[in-house]
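Asker: Protein chains in written order, with this note's numbering: chain A, -12 to 304; chain B, 20 to 444.
Don't be surprised by glycine CBs; every beta carbon is placed ideally from N, CA and C.
Bear in mind the structure is a predicted one, so any value in this text is a computation, not a measurement.
Dropping a structure here in structure tokens format, bear with me for questions.
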Amino acid sequence: MQTNSILHHGRGKHAKWLEKAVVFLLLVCASLAIFTTIGIVFSLVVEASQFLQKVSIIEFLFGLHWNPQTAIRADQVGSSGQFGVVPLVTGTLLISAIAMTIATPLGLMSAVYLSEYASSKTRSIIKPLLELLAGIPTVVYGFFAALMIAPFIRDTGVGMGFNISSESALAAGIAMGIMIVPLVSSLSDDVMNAVPQALRDAAYALGATQAETIKQVIFPAALPGIAGSLLLATSRAIGETMIVVMAAGLAAKLTANPFEAVTTMTVQIVTLLTGDQEFDSAKTLAAFAIALLLFTITLVLNIIALRIVEHFKEQYD
Amino acid sequence: MTERSLTDMAGLAARHRAEKRFRWYGIIAITISLGFLAVMVVSIGSRGIGAFSQTRIALSIHFDEAIVDPLGKRNTAELSRSNTNALIRASLNELFGQVQLPSERRALYALVSIGGAYELQAALEKRPNLVGQTKTMWLTASDDVDIFVKKGINPALDPALRRLKPNQISWLESLQQQGQLQRKFNTSFFTNGDSREPEMAGFLGALVGSALSLLVCFAISFPIGVLSAVYLQEYAKKGRLSRIIEVNINNLAAVPSIVFGLLGLFIFINILHLPRSTPLVGGLVLALMTLPTIIIASRAALRAVPPSIREAAIGLGASKTQTTFHHVVPLAMPGMLTGTIIGMAQALGETAPLLMIGMVAFVVDIPTGILETATSLPVQIFLWADSPERAFVERTAAAIMVLLSFLVVMNLAAVLLRRRLERRW
Chain A
-12 MQTNSILHHG
-2 RGKHAKWLEK
8 AVVFLLLVCA
18 SLAIFTTIGI
28 VFSLVVEASQ
38 FLQKVSIIEF
48 LFGLHWNPQT
58 AIRADQVGSS
68 GQFGVVPLVT
78 GTLLISAIAM
88 TIATPLGLMS
98 AVYLSEYASS
108 KTRSIIKPLL
118 ELLAGIPTVV
128 YGFFAALMIA
138 PFIRDTGVGM
148 GFNISSESAL
158 AAGIAMGIMI
168 VPLVSSLSDD
178 VMNAVPQALR
188 DAAYALGATQ
198 AETIKQVIFP
208 AALPGIAGSL
218 LLATSRAIGE
228 TMIVVMAAGL
238 AAKLTANPFE
248 AVTTMTVQIV
258 TLLTGDQEFD
268 SAKTLAAFAI
278 ALLLFTITLV
288 LNIIALRIVE
298 HFKEQYD
Chain B
20 MTERSLTDMA
30 GLAARHRAEK
40 RFRWYGIIAI
50 TISLGFLAVM
60 VVSIGSRGIG
70 AFSQTRIALS
80 IHFDEAIVDP
90 LGKRNTAELS
100 RSNTNALIRA
110 SLNELFGQVQ
120 LPSERRALYA
130 LVSIGGAYEL
140 QAALEKRPNL
150 VGQTKTMWLT
160 ASDDVDIFVK
170 KGINPALDPA
180 LRRLKPNQIS
190 WLESLQQQGQ
200 LQRKFNTSFF
210 TNGDSREPEM
220 AGFLGALVGS
230 ALSLLVCFAI
240 SFPIGVLSAV
250 YLQEYAKKGR
260 LSRIIEVNIN
270 NLAAVPSIVF
280 GLLGLFIFIN
290 ILHLPRSTPL
300 VGGLVLALMT
310 LPTIIIASRA
320 ALRAVPPSIR
330 EAAIGLGASK
340 TQTTFHHVVP
350 LAMPGMLTGT
360 IIGMAQALGE
370 TAPLLMIGMV
380 AFVVDIPTGI
390 LETATSLPVQ
400 IFLWADSPER
410 AFVERTAAAI
420 MVLLSFLVVM
430 NLAAVLLRRR
440 LERRW
């Protein structure tokens, strides 16, 4: 006991009190993550519920028309605004679908090449280069999509006799797809590496080529994990803002045509909140309602994806 | 038996071809992705490089005392507000005496940017003894002149639609022949705040705004992130609470950034009434966003410290807290710093949440504190990309080059730090 207190610089009981205080402080810091989540849910729900007092939830979730122009003066006629979120959701899904159509093959094949074929030297050069794509700010992709991809698509379309609007879903989708490639490739790389070597060895021993092993053994074995990583990438695409704000446009149209301009949930949130208006106007509150929907969709996707990936990894541990 | 092995040989060749094809798919996928990166970097670089130079017009300016200092007081405050526009007009009139019609004169004056007058005012404020002298001054040309000098005229465009009229072009050509029209290094791009006139717009205001926001972000997210990681990795018992915290951190890392902006708008601005559009609120929002990155990286760094270090410290009688903070945390610090720098780099590139909290304001003055209205570098890029003037395209691309070089420097710093300080156990 005597030696112990000497080693504790003679603080004895004091040290015990200090230990407890430190643990408490650490716990407070760590709980900030919980408070942030609560804060997000709280602020979105409070504002969205105010919005739903003005517009019915049925109209919001199932309405087919989005036209948030509300009356500026109380006595103004004819512009009560339409708050149907369906065209925004379909626009978001259209652009995300284009992005995933590009990112899935590129990301998966890059991952296969890097994890199964490339020498460790090639890998050490290519992998960081690919990850650069994820490090570039989205505003840069937005600028590139609006200034170069969109005119390129329009000119190609004109050359082939189509009339394509200068703000097309395709331009935003392509830029977003390229941005997501490293996310897909690094996640599926992890997943494929988690497939036990024994499965590979067994396939080789049966005389399968490397490609056959990958296609018929590794892919099926890693499928749940790959699906999880694709879901995570989709949720990233749905929540992406700057690319669509700069390249996708504002027209809320119900269309599946990638050459038309569509708008997304994130674009509308930005448009509704960057103007000058009163804080409790229906327009501002609508932004929070869209955000609540967006948060719910991405949260559900993330939870499912994280569950799948975790379950998959446990399976082989 | 023979027949079977023969077909097998044919099958084998096909299978080997399939093998080769499959390998090529991978190479093609990587080439497309990296090709896109290369096209993007090259096209932005080639567009942006022009913004680092700016066309200037040399005019011999007579600092007429009757105009700039009619009372003869040489008061710098008065001089900095004097009517220097008249000086520029007088000089242009003298140079092009043949131009008489008022409409033509207006076209002539339009060659010099309205920033030219400010430049003369600044020169007078700095050196009041210029009054009464005649000096050759290089004044900023207007954005249309700048584009004309850099790109020439577009022959495909209908002359009636051109921004510069034929007489303006002929004046410019005569200036060019006398060496009075030159491209010089664009200092104002590095030292000015935003401006409605492309030729006067600079990114310094936005850069300072970004730096102040990152400072706030770092001051909050680094200590909290490190302490959270210490709790989760060193102290937490495998229980329900630590499980909930972990799930929360993983989910927060995947929440769309714009949602953090709405959180900031509601909590920090509407409930806590912090001043809108300021680096303080921007930094707070960015801190909440970067926390998951820092926590995840710091936990990995703590995990890499071998248990023998902890056991040795405990064995010598150190308490849990002493072990952690005297031995484990210092050893994990390089990894934690690396994660923090990467988190800061992400925060520097973030745009959407800052739009939500009003950091999209048009800010001419360079902010000096975290409570002043400011914008940030990526938001400035967004604003310029949205501007109709053609000359802003060049500046947008150049600002992207500046932003990307900061990101490259930060990421390189992270890599170097990891290489230099990382210890192998």
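Does DSSP put G(-3) of chain A in a helix, a strand or coil?
Answerer: For G(-3) of chain A, the predicted model reports a pLDDT of 47, less than 50, meaning its position is unreliable; a value from the coordinates is still stated below. In the structure shown, G(-3) of chain A sits in coil (DSSP, three-state: anything other than H, G, I, E or B).
Asker: My understanding is that N205 of chain B touches F71 of chain B, with C-beta atoms under 8 Å, so please give their C-beta distance in whole angstroms.
Answerer: About 5 Å separates the two Cβ atoms, so the contact holds.
Asker: Could you compute how far the alpha carbon of H(-5) of chain A sits from the alpha carbon of M352 of chain B?
Answerer: Per-residue confidence for H(-5) of chain A stands at a pLDDT of 48, beneath the threshold of 50, marking its modelled position as unreliable; the derived number appears in the next sentence. Rounded to whole angstroms, H(-5) of chain A to M352 of chain B spans 25 Å at the Cα level.
Asker: Contact defined as beta carbons within less than 8 Å: I believe A320 of chain B pairs with M355 of chain B. What is the distance between those atoms, to the nearest angstrom?
Answerer: A320 of chain B to M355 of chain B, Cβ: 5 Å. Contact.
Asker: Using a Cβ cut-off of 7 Å (strictly closer), state whether M163 of chain A contacts chain B.
Answerer: Chain B contact via Cβ: absent.
Asker: Compare the C-beta of G78 of chain A with all C-beta atoms of chain B and state if any pair is closer than 7 Å.
Answerer: No, G78 of chain A does not count as interfacial toward chain B.
Asker: Within 6 Å: the Cβ of G215 of chain A and any heavy atom of the ligand FAD?
Answerer: Ligands in the displayed structure: none, and consequently the ligand FAD is not present.
Asker: Leaving out the 5 sequence neighbours to the left and right, which residues in its chain are closer than 6 Å to F70 of chain A when beta-carbon positions are compared?
Answerer: The residues are V42, F47, A273.
Asker: Within 7 Å of any Cβ in chain A, is that where the Cβ of R34 of chain B sits?
Answerer: Output row for R34 of chain B: interface = yes.
Asker: If you compare alpha carbons, which of A:S107, A:P55, A:V72 is closest to L279 of chain A?
Answerer: Minimum Cα distance to L279 of chain A is reached at A:V72.
Asker: Leaving aside the five residues before and after V245 of chain B along the sequence, list all residues of the same chain whose C-beta is less than 6 Å from its C-beta, in chain order.
Answerer: So the qualifying residues of the chain are S317, M355.
Asker: Chain A partners of T415 of chain B, CB-CB under 9 Å?
Answerer: Here the neighbours are F130, L134.
Asker: Name, going along the chain, the residues of the stretch 46 to 59 of chain B whose beta-carbon falls closer than 7 Å to a beta-carbon of chain A.
Answerer: Those residues of the stretch 46 to 59 of chain B that come within reach of chain A (Cβ to Cβ, closer than 7 Å) are I46, A48, I49, I51, S52, L53, F55, L56, M59.
Asker: Within the same chain, show all residues whose beta-carbon is closer than 6 Å to that of A136 of chain B, passing over the 5 residues directly before and after it, in chain order.
Answerer: So the qualifying residues of the chain are T103, N104.
Asker: Mapping the DSSP letters down to three states, classify K145 of chain B as helix, strand or coil.
Answerer: K145 of chain B falls in the helix class under three-state DSSP.
Asker: So M375 of chain B packs on L260 of chain A, CB below 8 Å; how close in whole Å?
Answerer: Right, the Cβ-Cβ distance comes to about 6 Å (below 8 Å), so this counts as a contact.
Asker: Using a Cβ cut-off of 7 Å, which residues of the stretch 142 to 175 of chain A contact any Cβ in chain B, in chain order?
Answerer: Result list: I165, V168.
Asker: Can you list, in chain order, the residues of its chain whose CB lies under 7 Å from that of T210 of chain B, leaving out five sequence neighbours each side?
Answerer: Hits under 7 Å: G221, L223.
Asker: What span of residues does the beta strand (DSSP E) with T155 of chain B cover, start to end?
Answerer: Per DSSP, T155 of chain B belongs to the beta strand (DSSP E) from 153 to 159.
Asker: Using the C-alpha atoms, what's the distance from A433 of chain B back to L5 of chain A?
Answerer: In a straight line, the C-alpha of L5 of chain A is about 34 Å away from that of A433 of chain B.
Asker: Scan the stretch 194 to 229 of chain B and note each continuous beta strand (DSSP E) run of 3 residues or more that stays entirely inside, going in chain order.
Answerer: Runs found: 200 to 204.
Asker: Can you name the start and end residues of the beta strand (DSSP E) that H81 of chain B belongs to?
Answerer: That run of the beta strand (DSSP E) goes 72 to 81.
Asker: With a threshold of 7 Å between beta carbons, is I256 of chain A in contact with chain B?
Answerer: I256 of chain A counts as touching chain B.
Asker: In three-state terms, what does DSSP make of F70 of chain A?
Answerer: Three-state result, F70 of chain A: strand.
Asker: Can you give me the Cβ contacts of R23 of chain B inside the same chain, cut-off strictly under 6 Å, excluding the 5 residues immediately before and after it?
Answerer: Here R23 of chain B scores only 48 on pLDDT, less than 50, and its place in the model is too uncertain to base an answer on.
Asker: Between V347 of chain B and chain A, is there a C-beta pair that is closer than 7 Å?
Answerer: No, no contact with chain A.
Asker: Assuming P3 of chain B is part of the alpha helix (DSSP H), what are its boundary residues?
Answerer: Residue 3 of chain B lies beyond the stretch modelled for chain B, which goes from 20 to 444, so this question has no answer here.
Asker: Does the stretch 285 to 293 of chain A come close enough to the stretch 208 to 218 of chain A that 3 or more CB-CB pairs lie under 8 Å?
Answerer: Short answer: they touch.
Asker: Could you name the residues of chain B that N289 of chain A contacts, counting a contact when the two beta carbons are closer than 7 Å?
Answerer: Under the 7 Å cutoff, chain B gives N270, A273.
Asker: Leaving out five residues on either side along the sequence, give the residues of the same chain with a beta carbon under 6 Å from the beta carbon of A159 of chain A.
Answerer: Excluding positions up to five away in sequence, the list reads I82, A132, I230, V231, A234, A235.
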